[in-house]
Amino acid sequence: MSISHFLELDMAFANLAPYRRLPCSYRGFNVAFRVDAGLNVKYLAIVIENVNGDGELTAVELKEGLSGTWMAMHPSWGAQWNKLNAGRHYNRHSLSS
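Residue numbers 1 to 97, in full-length UniProt numbering, belong to the letters of the sequence shown in order.
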């Protein structure tokens, strides 16, 4: 498809599904974490659901329970964040969020 045709389609369909951020407010809880079923000792993936309030998550970190070290997680797709660290075994310590 040529650039001119692409731009025409873009203009024609741009307003069919307008995007607008809306605030959310869930009483009783702020956030829910779901651990991905593909978890193993060297890979951790979580889906963060029901984030209270408006906005988007821009960073997620986990802290090992027995140390003061915070580990940055990386966005994978959608609401899923993952941490791949071949040198660590996540099942040895509890994790905090």
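Where a beta carbon is used, it is the ideal one built from N, C-alpha and C, also for glycine.
For Ala-79, same chain residues with a beta-carbon under 7 Å away, outside a window of 5 residues either side, are Val-47, Ile-48, Glu-49 in chain order. A direct Cα-to-Cα measurement between Phe-33 and Ile-3 gives close to 43 Å. Scanning its chain for C-beta atoms nearer than 8 Å, with the 5 sequence neighbours on each side dropped, one finds around Ser-76 the residues Ala-45, Asn-82, in chain order. The DSSP-derived three-state label of Leu-44 is strand. For Ala-32, the enclosing beta strand (DSSP E) has its first and last residue at 32–35. In this model, Val-31 and Glu-56 are separated by some 12 Å (Cα to Cα).
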